[in-house]
Structures are given as structure tokens and as C-alpha cells.
Amino acid sequence: MQKISWREKIGYGIGATGLDLSYGLFYSYLSIYLTNVLGIKSAFLLILAPLARIWDGVNDPMMGAIVDRTNTKFGKRRPWILIGAASNAIVLAFLFNASRFVSGGTALYVYAAAFYVLWGMTNTLADIPYWSMVPSFTSDEKERNLISTVARTFSGLGQGIIALFTPIALKKISAQADGSPSAQGFGTVSVIAAVFLVVFAFVSVTFTKERRIVKSEEGFSFKKALSNITGNRQLLVFMLFAMISNAGFYMISGVSSYYFAVVKGDIALQSTFNLFNTVGSVLAILVVPVFSKFMSNRNIYIFCLSSAIFGYIGMAVCGLALNTGVIPLGVFYFIASIGTGSMFVNQTIMLSDVVDYGEYTTGKRNEALTFSMKGFLQKMAYTFQSIIMYATFIATGYDDFTQSANAVASAAAQRGISLLMFAVPPVMMALSLIIFIRKYKVHGALKAEIIEAINKKYADDKPVG
């Protein structure tokens, strides 16, 4: 069995912490920053999100193909991780400091749109080469599970830091008179996150070696990239069920800031709520390595989604029917977070298996191109969540609250936020579980056959770095 040292595993995982400081701030707090702080209308954001995804549909596979064609003495992935982290850090800081450079009007909308798109592009520069390293380490299932678990643990740490400390920081750093977050608070948090993003990326590439460096000789064309993606049927299945479940997760992480700031009237409560998520996510790291001793990855994934569904239903009962405080909500969020935390670990493992499946069936090992779909499906999941959220805001008149001096949002707007928070996520998770059970085939005898073939092919492989 090909063993990877703990020094390298931890060094690799540290990079995920930095990436997810940026990722967590963007996906969990950008929306409330744009609507409540900058006053940008929901209708504009409803249009912006899908338009940005059209460009990502070209940019993400193009970047994956570029990484697959890269060949330097430092490897093909590590240089891009550094370039991507540095550029994403700059864009993140500019995005959340918009009020320092533009005052409003058309210029604000253009600025926000430009840096919104640039964030996605620069995140892709680092995210694709980073996660495409997972299948290159080893084909051994237990070792791959462990590497994915370590990386996802550090990834969860990055998101946990953002989730726990951002609400408190926003309230402490020059909050508005009514306690709502200010532009200065968001700007300060973004600069801190940007600095650590670069530092952690440097640490990661320093301690990590690259293996199975197979340079693609094909020049990039969108037609070829699309053909390689559609030719891997299990990749398409994976993208579908993962996008739906991820959208359910993003719905809570994206709407919870609105729920506690607007419905409950105190965004600092979100920190307490997120504490349950963080603890659950930490415990989730044990699920895959412990359960894999007596369960297949397929059954573990079913357990993950089932736990998330149960937790989300409990949250719905507490939030919609009983209108409880933050602690009962947090208890069920803790249960759901064990499910979603281990779900993300398992998705990384499955995507690595899909890389092997693609090589087994087509003869082409498109690691970076395949893993570009991970970032793209996450963006699509966020877009799916955003469309539902902004459409609800428009339908319930939420903009009337953000565009006026009203201290309290309307009952319809508050009800809409509550439904987004509690009713939508369990439905999405249940739909994702059904698709996974019926359509995903890389398990059992087929998976064992694939692993045997891949191990024979790379028996004489040497690490680089």
C-alpha cells in the first residue's frame, strides 16, 4: 500500500483552511453585505449569479485543461495553487471593501459585478489544482479516505473560523447604531482572511509532493473539454446529486445571517448557532475513517445524507412550528452538520474515484478537468440557492426593507427568510439521496476492478517535489 506521511497530509490540509476562509466569507456573507450594507437590489443579484455561471462554464474546464497541460520542475499543480491563492486574496479584499472605492449608483453595480466574477475566476485558479491532487496521492481506498478526511477537516476549520468569528467581528467593528453590520467590519474581516489565504497556500505547497504527473498533450478547446466531461457518465451523475445537496447546505449557510440579523434581530446569535455546526463538522471527520472499517463508502454516504435530512427536519420543527430559541435549533444543526461534514469528505473521495473511472473507461486521466467540475458544481449549487433566495426576496418585498430606513422587515419578508432557512434544505437533501441511490455506480465489484487496473498502470510512479 502506498503510504503518505502525516507531515505531508497535514501540510496539504493547511492549504484548504486558507481556501475556505475566502470561500466561507464569499458564500456565507457576500449576499448580506451586498444587499444590507451596499444596498444592491435583489433583482440585480438574481441576474448576476446565473450570468457569472455561464462564464464559469467556460472558464472552469479551461483552467482544468491548462493545469493538466502544465509541466514545471515544481509540478503541474503547486505553481497554480500559489498564483490562484494570491490573486484570490487580492480580489477578496477589494470585493468586501467596495465602499472605499465607489460611493454608489451605476459604478457600485459595475464594481460589484466585476469583482464577483473575478472572485470566481481566481478561486478556480487555486481550487482546481489543489483538489485535483487527491487522486494523485494514491489509489488505496483507506489511504485516499484518510487524505480526503484530513483535507476536509482543515477545510471545515477555515469555514468554522469564518462562521464563528465573523458575526462577532461584524458586531464589534463599527456596527451601525441598530447593531447591524457595517462596511468597515466586512472590509477588516476580508483583509485578515486574505492574508492567511496566501500564508497557508505557501505552507501547503512547501510540504506537499506531486505524484502521477501525466501531462495532457491536447490543446484546450471547449468542445474537447465538453466531450471529456460528458464522456464520463458517472461524473455527470455525481455533479447532479452533489449540486442539489450542496445547494441545501448553502441555503442554510447563506440565509442564516439574514435569519438572525433580520428575523431574530441580532446577528451575533449566528455565532452561537454556528458553534453547533462547527462542533458537528469536527466530529464528522471521524465518520469516514471509522465507519469505513465496517461499511462501504456508498453506505457511509447514505448515512451522511440521512443524518442531514433528520437534522434539517428537526430544525424546521423548531424554527417554523415551535419558534424556539437558538439552542434547540443548534442541537439539530449539530446533527445535520455531522451528516453534511462527512458528506463533503465523501464527495471528495467519490470524485477521486470518478477520475479513476474516467481513465478506466476512456484511457484519459483528466484529474484537473474532472476536479474543475467540483468547483463548478459548487458555484452552480450556490447559484441555485441564490436564485431561490433572491426570487423569494423579490416576492416578499425584502428590498423595501433594505432600500428604506425601516428598522423592521415586513412579516412577509421575515416569513420568506424562515421558509428558506428551514423548509427548502431537507427537500434538497432528500432529492439528492434518491438520485445517488438510483444512479451512482462506482462501488462494489466495479470499483475494485478499476483500482486494480489503475494500480498496475502506475506501479513504477515516482513522486515530484
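Residue numbering for the sequence shown follows the numbering used here, starting at 95 and increasing by one per position.
Beta carbons are placed, not taken as given, at the ideal position from N, Cα and C, and that holds for glycine.
| Asked | Found |
| --- | --- |
| Residues bridged to Thr166 (per DSSP) | Gly169 |
| For Ser242 and Met444, the rounded distance between their alpha carbons | 10 Å |
| Segments of 4+ residues assigned as alpha helix (DSSP H) that fall wholly inside the segment 280 to 347 | 316 to 324 |
| Arg171 beta carbon less than 9 Å from that of Met227 | yes |
| Residue from Val131, Glu102, Asn165 with nearest C-alpha to Val244 | Glu102 |
| Selection from Ala517, Met157, Ala263 that minimises the alpha carbon distance to Pro275 | Ala263 |
| Which of helix, strand or coil DSSP assigns to Pro261 | helix |
| Segments assigned alpha helix (DSSP H), at least 4 residues, entirely inside the segment 354 to 385 | 363 to 378, 381 to 385 |
| Proximity below 9 Å, CB of Ser512 to CB of Pro155 | no |
| Inter-residue spacing [alpha-carbon to alpha-carbon] between Lys458 and Arg305 | 16 Å |
| Selected residue, minimal CA-CA separation from Ala410, among Cys398, Gly424, Gly435, Phe397 | Gly424 |
| Candidates Asp447, Thr324, Ile267, Gly254: closest to Ser365 by CA position | Gly254 |
| CA nearest to the CA of Asp221, picked from Ile488, Ser480, Leu471, His537 | Leu471 |
| Contact belief for Leu132 with Ala206 at Cβ below 8 Å, rounded distance in angstroms | 7 Å |
| Supposed close pair Ile394, Pro520 - CB separation, criterion 8 Å | Not a contact, Cβ separation roughly 20 Å. |
| Straight-line Cα distance separating Ser233 from Ala539 | 15 Å |
| Range covered by the alpha helix (DSSP H) that runs through Pro223 | 199 to 225 |
| Residue of Val161, Leu212, Phe404 minimising C-alpha distance to Val185 | Leu212 |
| Status (buried if at least 16 other CB within 10 Å, exposed otherwise) for Trp225 | buried |
| Meets three-Cβ-pair contact criterion under 8 Å: the segment 421 to 441 and the segment 119 to 126 | no |
| Own chain residues within Cβ distance below 6 Å of Ile379, not counting five before or after | Thr243, Thr247 |
| Met95 classed as buried or exposed, judged by whether at least 16 other C-beta atoms fall within 10 angstroms | Reliability fails at Met95, whose pLDDT of 49 lies under 50, so the model's placement of it is uncertain and the value that follows must be treated cautiously. Answer is exposed; the Cβ neighbour count stays below 16. |
| Same chain only: Cβ atoms within 6 Å of Phe188, ignoring 5 sequence neighbours per side | Phe209 |
| Thr456 (DSSP reduced to helix, strand or coil) | helix |
| Tyr552 in three-state terms, based on DSSP | coil |
| Close-in-space but distant-in-sequence residues of the same chain around Thr372 (CB under 7 Å, 5 per side omitted) | Gly254, Ala257, Leu258 |
| Span separating the alpha-carbon of Val518 from that of Leu320 | 31 Å |
| Completely contained alpha helix (DSSP H) runs for the segment 97 to 135, where each covers 4 or more residues | 100 to 126 |
| Beta-carbon gap between Ile129 and Phe487 smaller than 9 Å | It is worth fixing the name first, because residue 129 is Thr in this sequence and not Ile. Closer than 9 Å, so yes. |
| Selected residue, minimal CA-CA separation from Ser181, among Ile421, Lys317, Leu377, Ser116 | Ser116 |
| Whole-number beta carbon distance between Glu237 and Ile346, since they are thought to touch under 8 Å | Contact doesn't hold; Cβ gap of about 32 Å is too wide. |
| Buried/exposed call for Glu546, threshold 16 Cβ in 10 Å | exposed |
| Rounded C-alpha distance that separates Ile429 from Thr111 | 23 Å |
| As assigned by DSSP and simplified to three states, the class of Lys541 | helix |
| Simplified DSSP state of Gly151, which is helix, strand or coil | helix |
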